[in-house]
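To start, the structure itself, in structure tokens.
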Amino acid sequence: MSAWGLISGGDVTALAYDGRDYDLIVIGGGGAGLSTAYHAGKNGLRTLVLERFGVLNDSGSSAGASRQFRLQYAQQYMAELSLASQSFWADLQGFTQKTLITQCGSLWFGDPALSSQEGGIQAAEKVMDTLRIPYTKLDAAQIEAAFPFTDLPSDYAGFFQASGGIIDLKATEEACYDAALATGRVDIHEYEPVTGISEQADGSLTVTTGRGDYGAAKLAVCAGAYANDVLAHLGLSAGITIWQMSSAYFRKSDPDLRLPTWFVFQDPSASALFYGFPEVDWAHPGYARVATDFPDAILTDPGQRTFVPSPTSLGLDSRWVAEHMVGLDPTPRFTSTCLIALAEDSTRELLLDYTPAWGTPHPNIVTYTAGWAAKYLPILGDMIVRMLAQPTQQLTYGDFTIPLANFAIAWAPAAEPDQRTTPSRAIKEER
Ligand SMILES: Cc1cc2nc3c(=O)[nH]c(=O)nc-3n(C[C@H](O)[C@H](O)[C@H](O)COP(=O)(O)OP(=O)(O)OC[C@H]3O[C@@H](n4cnc5c(N)ncnc54)[C@H](O)[C@@H]3O)c2cc1C
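In structure tokens, the structure reads:
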């Protein structure tokens, strides 16, 4: 008997659970999929996660060790989502002894006039003012005095927001995994890629893998940059573009170096967007990570991905470190690459939507794919489960009601792999 009625009170397809039939199947066992499984299990739903590789893999968007958490956004609803996510982080923290977010603050600086479609420093300050998020405004001299940056143009400015921090990404995924299993209602199948999706006459869904068919009342597609491979089984594609990015660690030549998480806004046409992290004890102690915030390559298919970082990006990182950072050796070490799916429409920060399988938006199939979403992983699972429990146009968290229209996906028919067009999305200027 399906448990959906328990959380939605609505009419749902009831499936007899026989070991192959579930209330919910989640496609993709990255952070988003595992968080969804946790929230589903917590609500009593028999849930199956199907992951094409192993969990905690470095083949998708959750490659590497750390991500930035921040409250500030140029869009108010994104800042509200960050605020709302804090209680979900606290809940997830209960499943691990590792610190999921180390609160070291978030420093944004650079050309204050620079804005993209997403805004920039000034737009984020405006949103923080509206939401009464505290921050400290800084000019170039104050930034150089307080943080290990040097030789900044004198007209640079920015702010420090103390609630920002560094996410231990693998610990976060592990906590989602442990939390999901602890519900006692979640099965996680690794190395089992989904190869087909169909709808039965009774409205239930069948998901096919190399090991056979599984039935479910509902489906969550959380396949990250691989979303269009999965959505092709429904004859659909989402308007995403896929970036391959690289980053590197730089040795601390000053053992006392103290960094916040940081982002520098500079002329994007000059390939001058960089971000970085402090040293952490869970990845390359004694080193700090610095990365370019633009793609090494824009892919039309994740299969085009190489695991080779771009020498150009690493060279730019190295030059930025040599010219503008104090206490770091400018030789890049421990390099890595990562794939990120972003909305082709650069006004969209996250893509989360009902999926128009077989014509109209299907209330029982939700797709989450794109965005800088590590900071939202704990709340994303709740959002997806709530969308599936009861069709809705908005989600309310405390004082904030967030319209889902902000996250709408530009749907199109699935393209043949050799007909996929080159994405046109402009380079994003913040993360
Ligand atoms: C370089 C870089 C820097 C970033 N920095 C930040 C940051 O500072 N702050 C922030 O908030 N976010 C940041 N992000 C974004 C963040 O990392 C991602 O939003 C997050 O990791 C996405 O997790 P996910 O579960 O959606 O995707 P993934 O981790 O990619 O998971 C998707 C899973 O689906 C599986 N899958 C695919 N196809 C199938 C199939 N057919 N069958 C079964 N399983 C399948 C994949 O194997 C994969 O494990 C960054 C991303 C990158 C790449």
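Mapping of the sequence shown onto my numbering: position 403 corresponds to residue 439, and the numbering continues sequentially without gaps.
Note that beta-carbon positions come from the ideal geometry of N, C-alpha and C, so glycine has one too.
Residue j beta carbon less than 8 Å from that of residue i
i      : j      : result
Ile420 : Thr72  : yes
Gln197 : Gly141 : yes
Gly275 : Asp389 : no
Gln112 : Val163 : yes
Ala324 : Leu386 : no
Val243 : Ala256 : no
Pro338 : Ala409 : no
Ala110 : Ala149 : no
Phe131 : Ala68  : no
Gln122 : Gly201 : no
Pro399 : Pro439 : no
Ile283 : Ala327 : The question names Ile, but residue 283 in the sequence shown is Ser. Their beta carbons are under 8 Å apart, which means Ser283 touches Ala327 by this criterion.
Phe105 : Ile137 : yes
Ala115 : Leu167 : yes
Ser199 : Lys411 : no
Ile278 : Leu335 : yes
Gly146 : Val357 : no
Assigned exposure category for residue i - 16 Cβ within 10 Å defines buried
i      : result
Asp204 : buried
Gln108 : buried
Pro331 : buried
Gly77  : buried
Arg221 : buried
Pro291 : exposed
Gln280 : buried
Pro449 : exposed
Arg369 : exposed
Arg355 : exposed
Thr396 : exposed
Trp394 : exposed
Ser190 : exposed
Lys173 : exposed
Asp187 : exposed
Asp303 : exposed
Pro414 : buried
Tyr227 : exposed
Gly232 : exposed
Thr383 : exposed
Thr457 : Unreliable positioning characterises Thr457 in this predicted model, as indicated by a pLDDT of 43, which lies under 50. The coordinate reading is nonetheless provided below. So Thr457 ends up on the exposed side.
Thr348 : exposed
Glu452 : exposed
Gly407 : buried
Pro321 : exposed
Asp238 : exposed
Arg82  : buried
Asp435 : exposed
Residue i beta carbon near ligand 3 (any heavy atom closer than 7 Å)
i      : result
Met281 : Ligand 3 is not among the ligands present in this structure, which contains only ligand 1.
Going along the chain, which unbroken runs of the beta strand (DSSP E) with 3 or more residues stay wholly within the stretch 152-192? Listed in chain order, they are 172-175.
For the structure I just gave you, are there three or more beta carbon pairs, one from the stretch 304-312 and one from the stretch 261-278, closer than 8 Å? Touching, no, given that fewer than three Cβ pairs across the two stretches are closer than 8 Å.
Is there contact here, the stretch 59-70 with the stretch 81-91, by at least three beta-carbon pairs under 8 Å? Touching, yes.
Determine contact between the stretch 336-356 and the stretch 232-250, defined as no fewer than three beta-carbon pairs at a distance below 8 Å. In this structure the stretch 336-356 does not touch the stretch 232-250; the number of beta carbon pairs closer than 8 Å is below three.
Hey, is the stretch 355-374 in contact with the stretch 92-107, meaning 3+ C-beta pairs nearer than 8 Å? Because the criterion of three Cβ pairs below 8 Å is met, the stretch 355-374 and the stretch 92-107 touch.
So does the stretch 178-197 actually touch the stretch 220-240, counting three or more Cβ pairs closer than 8 Å? Cβ pair count under 8 Å is below three, so no.
What beta strand (DSSP E) runs, 3 residues minimum, are completely inside the stretch 374-417? Fully enclosed beta strand (DSSP E) runs of 3 or longer: 388-391, 398-404.
Just list the beta strand (DSSP E) runs in the stretch 266-310, keeping only unbroken ones of 3 residues or longer that don't cross its boundaries, in chain order. As summarised for the stretch 266-310, the continuous beta strand (DSSP E) elements at least 3 residues long and confined to that stretch are 272-274, 276-287, 297-301, given in chain order.
Which runs of the alpha helix (DSSP H) spanning at least 4 residues fall entirely within the stretch 415-451, listed in chain order? The DSSP assignment places no complete run of the alpha helix (DSSP H) inside the stretch 415-451 (cut-off: 4 residues).
Tell me the start and end of each unbroken beta strand (DSSP E) in the stretch 83-111 that is at least 3 residues and wholly inside, in chain order. Segments of the beta strand (DSSP E) lying fully in the stretch 83-111: 83-86, 102-105.
Could you tell me which uninterrupted beta strand (DSSP E) segments, each at least 3 residues in length, are contained entirely in the stretch 197-280, listed from first to last along the chain? If one requires a minimum length of 3 residues, the beta strand (DSSP E) runs lying completely within the stretch 197-280 are 201-204, 222-225, 230-235, 241-245, 248-257, 272-274, in chain order.
Which complete alpha helix (DSSP H) runs does the stretch 332-361 hold, if anything under 4 residues is left out? You should have 347-360.
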